[in-house]
Every structure is written in C-alpha cells, then in structure tokens.
Amino acid sequence: MNALKKYLGVVWILLGIYVGYDQITDSLAKITSDKLEDRVFGWVILCVLIPIVVGGLLLFGKYALDGEYDSNERKNE
C-alpha cells in the first residue's frame with residue numbers, strides 16, 4: 000500500500016504541473032479578451048486560484064513521495 004502512495008505522489012505532482020500549465024494558458028487567453036468580466040476572471044484565476052490548486056497538488060505529491068502518509072507501524076521498523 001505504501002508503494003501505491005508513493006506512485007500516486009508522482010501522479011499528483013505531474014497533475015499539478017499539467018493543471019498549472021493548462022490554467023495559466025487559459026487565464027492568459029481570458030486576460031487578453033475584450034470583455035471586462037473575462038479579464039477580471041482571468042486575473043482572479045491567475046493570481047488566486049492557480050497558486051492554491053497547484054501548490055496543494057505539488058505539496059500533496061511531495062508528502063506522498065516522502066512517506067508522510069505511511070502507516071506508523073512501517074515508520075518504526
């Protein structure tokens with residue numbers, strides 16, 4: 000089970016990188032829009048939501064790779 004958690008840690012990190020790239024390109028397209036509400040929404044996504052989502056996925060993956068979610072019995076061995 001711990002090996003699965005480490006494998007999923009890599010998946011979370013890769014997902015965080017992909018989501019970051021995808022959302023940055025999407026929000027940049029919205030920022031260059033002619034409509035004001037698209038520009039405001041693009042800036043909110045770029046400055047607020049992307050760091051929270053990507054940071055969470057990357058930290059979750061890092062902790063899974065480091066073994067922070069392993070059971071306590073395995074850490075004592």
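When you line the sequence shown up against numbering that gives the first Met the number 0, it's residues 0 to 76, in that order.
In this text, a Cβ means the ideal position worked out from N, Cα and C, and glycines have one as well.
Where residue i falls, given that 16 or more other Cβ within 10 Å makes a residue buried
i: ALA63; result: buried
i: TRP11; result: buried
i: SER32; result: exposed
i: SER26; result: buried
Boundaries (first-last residue) of the alpha helix (DSSP H) holding residue i
i: ILE44; result: Here ILE44 belongs to no alpha helix (DSSP H), and DSSP marks it neither H nor E.
i: ASP25; result: 1-30
Rounded distance between the beta-carbons of residue j and residue i, thought under 8 Å
i: GLY66; j: GLY15; result: About 19 Å separates the two Cβ atoms, so there is no contact after all.
i: ILE23; j: LEU45; result: 7 Å
i: LYS4; j: TYR68; result: 5 Å
Problem - Cβ pair count under 8 Å reaching 3, the region 33-42 against the region 50-57 - result: The region 33-42 makes no contact with the region 50-57: fewer than 3 CB pairs, one atom from each, lie closer than 8 Å.
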